[in-house]
Each structure stands twice: as structure tokens, then as C-alpha cells.
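K.L.:
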Amino acid sequence: MAFEARFPLRFGDVDFAGIAYYPAIYHYLHQAFEEFWSGWMQVPYATLTRQESLGFPTVHAQTDFQAPIHWGDTLTIELWVARIGKSSVNFEYRVRVGERLCCAAALTKVCVDMGTFTTTPIPAKYRERLVACGAPATLEAAT
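Residues in the sequence shown are numbered from -4 upward in steps of one, following our numbering.
#1: If we cut at 9 Å on Cβ distances, does A19 have a partner in chain C?
#2: If V54 and S82 are in contact, beta carbons under 8 Å, what's the gap, nearest whole angstrom?
#3: To the nearest angstrom, how far is the alpha carbon of P118 from that of L49?
#4: Helix, strand or coil: which one does DSSP assign to R5?
#5: Between T44, G80, Y121 and M(-4), which has its C-alpha nearest D108's C-alpha?
#6: Using C-beta distances below 8 Å, list every residue in its chain close to T115, excluding the 5 sequence neighbours before and after it, in chain order.
#7: Rounded to whole angstroms, what's the CA-CA distance from L70 to V90? Just pull it up for me.
#8: On the DSSP bridge assignment, give the partners of Y88 in chain order.
#9: Could you give the DSSP three-state label for T133: helix, strand or coil?
#10: Could you tell me if F112 is buried or exposed, where buried requires 16 or more neighbouring beta carbons within 10 angstroms of its beta carbon?
#11: Grouping DSSP H, G and I as helix and E and B as strand, with all else coil, what is G67?
#12: Taking the alpha-carbon of I20 as reference, which of V38, I64, G129 and E87 has the nearest alpha-carbon?
#13: DSSP has V54 in a bridge; who is on the other side?
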């Protein structure tokens, strides 16, 4: 099951051509990730990082841009868990404007202790919710 978030493309996020400046898309993907934590995981990402000292920095990103996004367009961003490992999660994203697919992305994030910035296993209480946001056939068990 995918999580969905919506954002208007802001003027500050477009280039001279009036379309989304590609680094801004990563900002919107991260905003959707934070909304995912608040909405799906039921803990604000800021709370996770500050109070539980856990974070999920991106260690790999792959993106295909397929259609322009114009200033004022509303982005609908779907995200889901494609794979979960002991300490890592692969998220898939689809960015649409209306029915038009504009961008597809795959981001790998690693669970880290924010105090030491070292890899740490994903806590069981979060693993269960992460697994629930993916297609079971695409998830791999931690080894």
C-alpha cells in the first residue's frame, strides 16, 4: 500500500524555464518522506531524530525525470517500501501532476544512531509499520 502526499510547486523551486529545478524534486521527496513518518509511521520525523536519536539519511538515489513540472502545479507523491533490510530501506517514489507521471525515484535510506552517525538495526516497532507500506511480494526479509 502506498503513502501519498501533495505539495504545490513553489516559485522558488523553478528554474529560468519555469519548470521544477531538478534538485528541488529531492526536497519534495524528502518532504513526502517526513509526511510518511507523521502520517503512516505515526511519529513525526523530527521526534524520531531528536527524541529517539534515529535518522534515515539517503545513501543512494536513482531518479528518472519523464515530464516537466510547472510552477503552480500540484505534485502528488506516492511512496512505498520496496525492500527492507536489517538497517536499510529502499523507498520507491512516483511524482505525478494529475494523471501524468513526471518522475520516478528509488532512494535507499539507512537507519543511523544520530549521536554517532553509525548504522543501527531498524527497531522492530518501526519495521512492522515499514513492512505494512510495501507490496509483500517485493519485500525481502532481513538476513
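From the three backbone atoms N, C-alpha and C, an ideal C-beta is built for every residue, glycine too. Here the structure is a predicted model, which means the values were calculated and not measured.
P.N.:
On the basis of the data shown:
#1: Any reference to chain C falls outside this structure, which holds one protein chain only.
#2: Your numbering for residue 54 matches position 59 in the sequence shown. Your numbering for residue 82 matches position 87 in the sequence shown. Actually they are not in contact, since the Cβ atoms of V54 and S82 sit about 10 Å apart, beyond 8 Å.
#3: Counting from one through the sequence shown, the residue named residue 118 turns up at place 123. Counting from one through the sequence shown, the residue named residue 49 turns up at place 54. Cα-Cα distance, rounded: 10 Å.
#4: Translated into positions along the sequence shown, residue 5 becomes position 10. Coil, per DSSP.
#5: Within the sequence shown, residue 108 is the residue found at index 113, counting from 1. Out of T44, G80, Y121 and M(-4), T44 has the C-alpha closest to the C-alpha of D108.
#6: Here residue 115 refers to the residue found at position 120 of the sequence shown. Answer for T115: L49, S82, C106, V107 and D108, listed in chain order.
#7: For the purposes of this step, residue 70 is taken as the residue at position 75 of the sequence shown. For the purposes of this step, residue 90 is taken as the residue at position 95 of the sequence shown. About 6 Å.
#8: Here residue 88 corresponds to residue number 93 of the sequence shown, with the count starting at 1. Its beta-bridge partners are L74 and A100.
#9: Working through the sequence shown from its first residue, we reach residue 133 at position 138. Low local confidence applies: a pLDDT of 43 at T133 is under 50, so the model's placement there is unreliable, and no value is given.
#10: Here residue 112 corresponds to residue number 117 of the sequence shown, with the count starting at 1. F112 is exposed by the Cβ-count criterion.
#11: For the purposes of this step, residue 67 is taken as the residue at position 72 of the sequence shown. The answer is coil: DSSP assigns G67 none of H, G, I, E or B.
#12: As a working note, residue 20 is residue 25 in the sequence shown. Closest by alpha carbon: I64.
#13: For the purposes of this step, residue 54 is identified with residue 59 of the sequence shown, where counting begins at 1. Bridge partners of V54: none, in fact.
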